[in-house]
Structure formats: structure tokens, C-alpha cells
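*Asks:* Pasting a structure here, questions to come.
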Amino acid sequence: MKPHITDDTRKLREDSIFLKTPQNAHFIESLPQNIRILERDELKEYFNTNIKLIGITGTNGKTTTAAAIYSVLLDMGYKVALLGTRGMFINDTRTKPKGLTTPSLLELYEDIDMAANMGCDFFVMEVSSHAIKQERIYGLEFCLKILTNITSDHLDYHKTWEDYAKTKMQFLQSGECIKIINLDDKSGASMRFYPHVLTYGVESKGHLFVNAYGLQDGIFAQMSLRLQKDSMQECVIESSLFGLFNLYNLMAATLAIHAITKQDIQSICACVKNFGGVSGRMEIVSKTPLVIIDFAHTTDGMKQVFESFKTKNISVVFGAGGDRDKSKREKMGACARFYAKKIYITNDNPRSENPLSIAQEIAKGVFAKSLNETDIEIKENTSYEIKSSNAAITMQIILDRKEAIKLALRELQKDWVLLVLGKGDESVQIFRDNEIHFSDKECVQEILKDK
38 MKPHITDDTR KLREDSIFLK TPQNAHFIES LPQNIRILER DELKEYFNTN IKLIGITGTN
98 GKTTTAAAIY SVLLDMGYKV ALLGTRGMFI NDTRTKPKGL TTPSLLELYE DIDMAANMGC
158 DFFVMEVSSH AIKQERIYGL EFCLKILTNI TSDHLDYHKT WEDYAKTKMQ FLQSGECIKI
218 INLDDKSGAS MRFYPHVLTY GVESKGHLFV NAYGLQDGIF AQMSLRLQKD SMQECVIESS
278 LFGLFNLYNL MAATLAIHAI TKQDIQSICA CVKNFGGVSG RMEIVSKTPL VIIDFAHTTD
338 GMKQVFESFK TKNISVVFGA GGDRDKSKRE KMGACARFYA KKIYITNDNP RSENPLSIAQ
398 EIAKGVFAKS LNETDIEIKE NTSYEIKSSN AAITMQIILD RKEAIKLALR ELQKDWVLLV
458 LGKGDESVQI FRDNEIHFSD KECVQEILKD K
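In case it helps, our numbering puts the sequence shown at residues 38 to 488.
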């Protein structure tokens, strides 16, 4: 029988073993003398880690790439576990609800132990920058790591982009496993000559590269895989997913699966076609009118979604999280101004901050140089028209997210697209210490049903 191991002083029992981590080390001296201290290096003595670990990090694309790998491996007949933002799944069954992208070190070892004991061949997991920095993946040996991209995010925690990028790259640089990088990403490209690196790209010719592609009604891409100079394999990716960024995600997944299974690339691509995407990630909630919800909550994430619909007139509903990186708010507003014709700024988990202040910071980016220091304060529930080089843009701050979505749907014109961004498949709004049930998908469906 496995002993009771905890990293939380509140859960101590007389027979407990206490796991020492950087986060709880300052409690060690106050523990009862009969409590045995467990060092992190000793965890493998108590937990089964005999499973192939696949770790995916990056600013955008972690969830979809991880889910695609999980889904395709299952289709190919492997036993697989998936851990990430959406919770934990083992062989198509949810075993844990949504939580942190990467849990605590002890919880992670418990999850891996469960999957290994259930006979899983692979354990696919998202790896956040916080988890890397806080050593929540300490001691784990990965068989493969993926870096999707690095753009600005989490500067509330990392303080500088340099520290954020360094943290992400640190994960890739350690270990002797296979590393898969996006050659079209500047940070990834800087690592292309490292040992054990495989590359993919749409613009750049990596080991897996695109010869031609279309994104009109989903994804169609003719690709080549070249692992040796005199060896080339052709393959085609077809998918119902939208957007260039999803092509990158599927390429990363395809190359990863080929690297760890050595299966024929064409048979892998055939299974990729069956992957239907992830709830709340570029999800079509309605086709008529066309309404998409997505988790995009950074400038780069928004840009990727906007680019997927740049041939259409765009309406967008979005906000920015409170108590999080403030430097991205104006940039998100400027990004919306560049692509959208109608902009509705609203709440997105304001937490302890003033919701209107957050919205006004975003609005400054929408106005750009249209306002000067002497202009009046940007108000809630007031429509503003902004002249742009492309056309006139309208912007409103409507803090009630449901009302913002309702108005956006009411004003949505024929053949336009409404993008509801920021929350994806989240099911709550966070106001200070209160969590209120709210789902963008449910909200859109309810409003359209009543129309």
C-alpha cells in the first residue's frame, strides 16, 4: 500500500510523508519531528513513471496540439492520457475536471502514475511557463517536447518578455529527447541546430514543410516530410478546422506522432482528418449567422483568429483579464482596430480590478491616435465612431458580457462574422472572490434561440 504523501501542511497526518518543494520549503522547520521529509528526487520510488511523456509548451496552440496528438494516437490504437487546461483524460474518458494547465509536482506524479498503471503508452501534457519556472515538472523525463511559438504573455508573472521566452526555451533545451520546433517562429528558429531537433514550417522548409495550402473552408495542405537528404515522403492534411494557426498546430502534432511511433506519415494524416478540434478553440457556434468563439486572449492569438477571417467583415466581442499582464491591453485594442469593423469591449474575468478601467485601457488601443490627452474619458454604453484608413469603425464598451454579445448579434449584418474572444470554453466569470457561471457558447445559443 502506497504511503500518504502530501506537499500541503494542512493535509498532514501522523503517518504522512511530506514532499519538500521550492514553494513549501519554508515550512519544513515547523513540521513535527516524526514527519519524514521526501526530496523531489525520491518521487520515482513511490510513483510509476514508466510511460512515454510528451510535453507541449508555447504561448498559443498548446491545447489544440496536445488534443490532436491525443486524438490521433487513440485512433491509431494506442492507449493515451491527456493532461492540460481542459482537465485529464485517459483513453477517451475524463478522469479530472479543468484545473491549472500544469498541476503541482506531486499531483502530476499522481496523474502519471494513474495513467501508467492503466497501461497507457503515452502521456500527453501541456506545460505552462509558470510550471517550468516553478519547477513543477522537476525530474520528469520526456520522450518528446514541442515548442509551438513564443509571443508576449504572462508578463504579470515573468515581468519581462526576455524572462518569459527564456523560461519557455529552457524547457526545450534540457534533456536528450526529441525536440520539435516551429521554424517560422523566431525563438524556435534560433534552436534549429540543437541536437535531436525536428522542425516544421509553412513559410520555412523544415523537416515537415508545406508545398501548397488552402484555408477557404477548413484546411487543405500538401506537405513533404524530409528526414534525410535522399528520402522524401509526400502527404496531405485535410481538416475541418479553421485558420493558418491550426495548420501549424496540426503540423506539430503530425511530426510529433511520426517521431514517436515511426508510423507512415500518410496514415497519420488520415487520422488527423478525423480530429474535430477542441471546444472553445475556433469553435463554430452558429453557421447562419456565422459566430465563432475562441480562447484568444493575447495580441498574437487575436491576430491569428482575425487573419483566418480577413476576407469577411468582422465584429468582435472581447475583454482582458484583471490582475494579469496589463501591457497587452492597448495592443489588443489596436489589433481589433486593424481587423474589425465593429468592436464591443466587455468583461473577461476582471477579478479585483475595476472592470471599466480595464475596458478603457483596451479602448485606448482602439482609438490609437484618434484621441489626444485633452479628450474626454471613454464612457460605458456609448458608441464611438473611429476613422481608419480602411473604413469607419464603431466601438462600444458594454461591461455585461451577455449584453455585449446580444447587441453584437443584433447588429451583425448579413455575411459578416462575429468573433467572441477570450474565454473559449470557460464556464465562469470571476469578479473579485466570486465566480459566476457564464459560458460564451451557451450565451450565443440562448440569444439565437430567442431571436
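Cβ coordinates follow ideal geometry from the N, Cα and C atoms, glycine included.
For the region 118-126 against the region 180-189, are there 3 or more C-beta pairs whose distance is under 8 Å?
*Replies:* Contact between the region 118-126 and the region 180-189 is absent, because fewer than three Cβ pairs lie under 8 Å.
*Asks:* Please identify the residue among 416, 451, 466, 432 whose C-alpha is closest to the C-alpha of residue 439.
*Replies:* For the residues 416, 451, 466, 432, the minimum Cα distance to residue 439 belongs to 466.
*Asks:* Keeping to the same chain, check which residues put their C-beta closer than 8 Å to that of residue 195; ignore five residues upstream and five downstream.
*Replies:* Its pLDDT being 45, under 50, residue 195 is placed unreliably in this model, and the value from its coordinates should be taken loosely. Taken in chain order, the residues that qualify are 166, 170, 201, 204.
*Asks:* Quick check: what's the CA-CA separation for residue 41 versus residue 53?
*Replies:* Cα to Cα, the separation comes out at about 5 Å.
*Asks:* Hey, would you say the C-beta of residue 364 is under 8 Å away from at least one heavy atom of the ligand SAH?
*Replies:* Only the bare structure without any ligand can be found here, which leaves the ligand SAH out of the picture.
*Asks:* Nearest CA to the CA of residue 145: which residue from 156, 129, 124?
*Replies:* Of the candidates 156, 129, 124, the one whose C-alpha sits nearest the C-alpha of residue 145 is 124.
*Asks:* Just confirm the distance between the C-beta atoms of residue 292 and residue 250, as a whole number of angstroms; I'd bet it's less than 8 Å.
*Replies:* That belief does not hold up - the Cβ atoms of residue 292 and residue 250 are roughly 16 Å apart, past 8 Å.
*Asks:* Determine the direct distance from the alpha carbon of residue 444 to that of residue 252, and round the result to whole angstroms.
*Replies:* Spanning the two alpha carbons is a distance of roughly 29 Å.
*Asks:* Just how far apart, CA to CA, sit residue 175 and residue 382?
*Replies:* Roughly 40 Å between the two C-alpha positions.
*Asks:* Please confirm if the region 212-219 is in contact with the region 227-239, defined as three or more CB-CB distances below 8 Å between the two stretches.
*Replies:* The region 212-219 is in contact with the region 227-239.
*Asks:* Distance, Cα to Cα, residue 299 vs residue 312?
*Replies:* Their Cα atoms are separated by approximately 20 Å.
*Asks:* Would you call the region 313-333 and the region 454-465 in contact, with 3 or more CB pairs under 8 Å?
*Replies:* These segments touch.
*Asks:* Is the separation between the beta-carbon of residue 362 and that of residue 388 shorter than 9 Å?
*Replies:* No, the Cβ-Cβ distance between residue 362 and residue 388 is not below 9 Å.
*Asks:* Would you identify the three-state DSSP class for residue 80, choosing helix, strand or coil?
*Replies:* Looking at residue 80 - three-state DSSP - the assignment turns out to be helix.
*Asks:* In chain order, what residues of the same chain have a beta carbon less than 6 Å from the beta carbon of residue 92, not counting five sequence neighbours either side?
*Replies:* The residues are 162, 164, 179, 182.
*Asks:* Where are the beta strand (DSSP E) runs, 3 residues long or more, that stay fully inside the region 342-381, in chain order?
*Replies:* If we require 3 residues or more, the beta strand (DSSP E) runs fully inside the region 342-381 come out as 351-355.
*Asks:* Span of the alpha helix (DSSP H) holding residue 211?
*Replies:* Where residue 211 is concerned, there is no enclosing alpha helix (DSSP H), given that its DSSP letter is neither H nor E.
*Asks:* From residue 374 to residue 255, what distance separates their C-alpha atoms?
*Replies:* Near 25 Å, if we compare the C-alpha coordinates of residue 255 and residue 374.
*Asks:* Please report the distance separating the alpha-carbon of residue 306 from that of residue 316.
*Replies:* Answer to the nearest angstrom: the Cα atoms are 21 Å apart.
*Asks:* Going by other Cβ atoms of all chains shown within 10 Å of its Cβ, with 16 needed for buried, is residue 276 buried or exposed?
*Replies:* Its Cβ being crowded by 16 or more others within 10 Å, residue 276 is buried.
*Asks:* How long is the line joining the alpha carbons of residue 441 and residue 435, rounded to whole angstroms?
*Replies:* The alpha-carbon atoms of residue 441 and residue 435 are separated by roughly 5 Å.
*Asks:* Under a three-way DSSP split, which group does residue 397 fall into?
*Replies:* Three-state DSSP puts residue 397 in a helix.
*Asks:* From the DSSP secondary-structure annotation, give me the bridge partner or partners of residue 308.
*Replies:* DSSP, once it has assigned bridges, lists no residue as partnering residue 308.
*Asks:* If you follow the alpha helix (DSSP H) that residue 137 is part of, which residue opens it and which one closes it?
*Replies:* Run containing residue 137: none; DSSP gives neither H nor E here.
*Asks:* So, residue 103 versus residue 287, is the Cβ gap smaller than 9 Å?
*Replies:* Not in contact: residue 103 and residue 287 (Cβ atoms no closer than 9 Å).
*Asks:* What residue range does the alpha helix (DSSP H) around residue 224 cover?
*Replies:* Counting along the chain, the alpha helix (DSSP H) containing residue 224 begins and ends at 223-226.
*Asks:* Residue range of the beta strand (DSSP E) that residue 260 falls in?
*Replies:* That run of the beta strand (DSSP E) goes 256-265.
*Asks:* Could you check how far apart the C-beta atoms of residue 400 and residue 356 are, in whole angstroms? I think they sit under 8 Å.
*Replies:* With 8 Å as the limit, residue 400 and residue 356 do not qualify as a contact, their Cβ atoms being about 11 Å apart.
*Asks:* Need the endpoints of the alpha helix (DSSP H) that residue 109 sits in, please.
*Replies:* That run of the alpha helix (DSSP H) goes 99-112.
*Asks:* In this structure, what does DSSP give as the bridge partners for residue 491?
*Replies:* Since the first residue of the chain shown is 38 and the last is 488, residue 491 is not available in this structure.
*Asks:* Alpha carbon to alpha carbon, how far is residue 39 from residue 48? Give it in angstroms, no decimals.
*Replies:* Residue 48 and residue 39: Cα-Cα distance of roughly 16 Å.
*Asks:* Take residue 483 as the anchor and find which of 136, 259, 129, 323 has the nearest alpha-carbon.
*Replies:* The residue with the shortest Cα to Cα distance from residue 483 is 323.
*Asks:* Quick check on the DSSP output: the alpha helix (DSSP H) that includes residue 482 runs from which residue to which?
*Replies:* Residues 477-487.
*Asks:* Using the three-state DSSP reduction, which class does residue 147 fall into: helix, strand or coil?
*Replies:* Correct three-state label for residue 147: helix.
*Asks:* What distance in whole Å lies between the Cβ atoms of residue 273 and residue 258, which are believed to be in contact at a cut-off of 8 Å?
*Replies:* Yes, they are in contact, since the Cβ atoms of residue 258 and residue 273 sit about 7 Å apart, within 8 Å.
*Asks:* Determine the burial state of residue 410: buried for a count of at least 16 other Cβ atoms within 10 Å of its Cβ, exposed for fewer.
*Replies:* Below a pLDDT of 50, predicted positions are generally treated as unreliable, and residue 410, at 44, falls in that range; the measurement from the model is reported next regardless. The residue is exposed, with fewer than 16 neighbouring Cβ atoms inside 10 Å.
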